[in-house]
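Here's the structure we're looking at; comments come further down.
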Amino acid sequence: MTAPRIGGMLVGYWRVCPRKAWYSMRGLWMEQESEAVALGRLLDRTSYRRRRRPALIEATAPDGTPLVAKLDGVDLRAGVLHETKKGRSCEDAHVWQVRFYLWVLRLAGVTGPGGRPLRGQLDYPALRRTEPVALELEHEGHLAEVVSALAACARQDVPPERHPRRSFCRRCAFEALCYG
Amino acid sequence: MPRDHYLFSNGRLRRRQNTLWLEKATEDRVPGVALDDTGAPSGTLTGEKAVLPVEAVDALHCFGEIDLNAKLVVFLAQQRIPVHVYDYYGNYAATLYPREYLLSGRLTVAQAEHYLRPARRLRLARAFVGAGLYNIRRVLRYHARRVGDEAPVRHALAVVEREAARVPEEAAIPELMAVEGRARDAYYRAWPAMLGPRLAEVFPFDGRQRRPPSNALNAAISFGNALCYAACLKALYRTALDPTISYLHEPGDRRYSLALDLAEVFKPLLVDRAILRLLKTGRLQPSHFEGRLGGTYLTETGRRRFVEAWDERLRRTVRHRRLGRHVSYERLIRLDAYRLVRHLTDPADPYVGFRAWW
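As given, the protein sequences belong to chains V and C, one line each in that order. Under this note's numbering, read the first sequence as residues 1 to 180, first letter to last. Under this note's numbering, read the second sequence as residues 181 to 538, first letter to last.
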């Protein structure tokens, strides 16, 4: 199977659980009934409606994998890329998702005012908190690795192992598919 | 949580203010009298309405004569609500199956691959029969402890066990079907004993007869199996599995055959136990059955009672061993569909079919 275009959600999934990313790349979604995901989507739709400018950016990874960034909202004037999240569970995945977007923007040559790279920000409207996210050089190397690993994972016939920590799966929408 | 809704009255189902309205109508048909064939809606509207909040509907079952229009069909499809239609006698007739919304081309290919390769197909067919027979044994064992005359039940149990032992040996689907047929025959013959002498007299049983059901027990089994099929089909609709590619049953033979495969596993647990309970508690009486067109069918009251018990059963929960939390009987069907997905994507994780442990 040729590698699909890799997006920010898949990078986030990969950080959380490669098996989930594999299922998702196969078109096996489990979040259509998840209340948490539905709430997150609602929050995304209803928050920051004034400054919201969704955008879709495409780029190619160094190893040739096509990348796509579906951005929640970009504030071009201030040079800030926003990503809305409901809560802080899986924050590591959220941070990497934003770094991935910043990376795609850089690869696509998109810059903020004055040619400076865009800054990233995680918005937690429900928590009334924001979190800055920066893209460092070593992050780019890791992102390139993750993208290669995802492309290889997509070619794999069988799903990766389940998450090593069963307790972690408790709140995952894919739990029924992995353990049911 | 959205759930199934069962519409017994006649009438017109409408999309109104983005929800579902049922405008009820009178019953104009008389049993045995030919259908009004003018194309006009049957019955006259009574002015009585029932509102079904669309978010709370998981699937609809139409037992009455329901008129609907394309606007409603589009709405139901948008809301991903399958509609099961039953004929005047309560036989399953059709499903308004909305456009698939969970598609995985790779999974469909894997499903077809497992059908085309005899060894893989057989493995799955065995799992369906094996689990079905296991669950039949559970029903027999459960009732063996609760009847006066255990001998016939014990005998049936021995036959089912003998046949179940042949499941891993049979090398072709028709033989597997025959194994299942013989086991079921022995199982059904034990029903009078499981019901006890008093009920066996009221509900005589001479083995399974379909099309038309020859007596009350057969009518109840047929009706329950139709409900079970609809429940399995709905479970499949909520997954990326293609309901037409099946393993034990021939694909597309009749209906959505993968739902028939799944129903094989769940019929003993859901249908048979529901019937035995309905009869033993007296919720279903001989008066809830009637003879029509040379067969026996549930009356409308009988169907209502059955559906009530069925719905209660589907929503009853049990602690799931692997998940470590309570899940409803209905959810067990979906979990089995997921296990099938796992089997199709990962040969190291085989589908064995749900086995009741109680």
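Note that CB positions come from ideal geometry on N, CA and C, so glycine has one too.
The count of Cβ pairs closer than 8 Å, one atom from the region 376–386 of chain C and one from the region 343–353 of chain C, stays below three, leaving the stretches out of contact. Residues of the region 272–297 of chain C whose Cβ lies closer than 7 Å to any Cβ of chain V, in chain order: Leu282, Leu283, Ser284, Gly285, Arg286 and Leu287. Beta-bridge analysis with DSSP links Tyr266 (chain C) to C:Tyr272.
Look at Lys204 (chain C) here: in three-state DSSP terms it is strand. Taking 8 Å as the cut-off, the beta carbon of Gly8 (chain V) is found closer than this to the beta carbon of Phe100 (chain V).
The C-beta separation of Glu58 (chain V) from Ala21 (chain V) comes to about 20 Å, leaving the pair out of contact by the 8 Å criterion. Within chain C, no C-beta atom comes less than 8 Å from the C-beta of Val133 (chain V); the nearest is roughly 32 Å away.
Approximately 30 Å separates the beta-carbon atoms of Arg535 (chain C) and Tyr266 (chain C); this is outside 8 Å, ruling out the contact.
Taken in chain order, the whole alpha helix (DSSP H) runs of length 4 or more contained in the region 481–526 of chain C are 509–525. Bridge partners of Asn190 (chain C) according to DSSP: C:Ala205.
Per DSSP, Gln389 (chain C) lies in no beta strand (DSSP E) segment and is marked neither H nor E.
Not one beta carbon of chain V lies nearer than 8 Å to the beta carbon of Asp267 (chain C). Note: Gly471 (chain C) is bridge-paired with C:Thr476 in the DSSP secondary-structure output. In the structure shown, Tyr124 (chain V) falls within a strand segment according to DSSP collapsed to helix, strand and coil.
Counting only unbroken stretches of 4 or more residues, the alpha helix (DSSP H) elements lying wholly within the region 334–380 of chain C are 353–369, in sequence order. In the three-state reduction of the DSSP assignment, Asp529 (chain C) falls in the coil class.
Taken in chain order, the complete beta strand (DSSP E) segments of 3 or more residues contained in the region 43–70 of chain V are 55–60. Flagged as an interface residue toward chain V: Thr525 (chain C), by a C-beta distance shorter than 8 Å.
Interface annotation, Leu503 (chain C): in contact with chain V, CB-CB separation under 8 Å. For Leu287 (chain C), the uninterrupted alpha helix (DSSP H) segment begins and ends at Gly285 to Leu296. Shown here for Arg484 (chain C): same chain residues with a beta carbon closer than 7 Å to its own, the five before and five after excluded, namely Phe188 in chain order.
In the DSSP assignment, Ala239 (chain C) falls within the beta strand (DSSP E) that extends over Val237 to Cys242. Nearest in C-alpha terms to Val16 (chain V), of all of V:Ser89, V:Val68 and V:Trp29, is V:Ser89.
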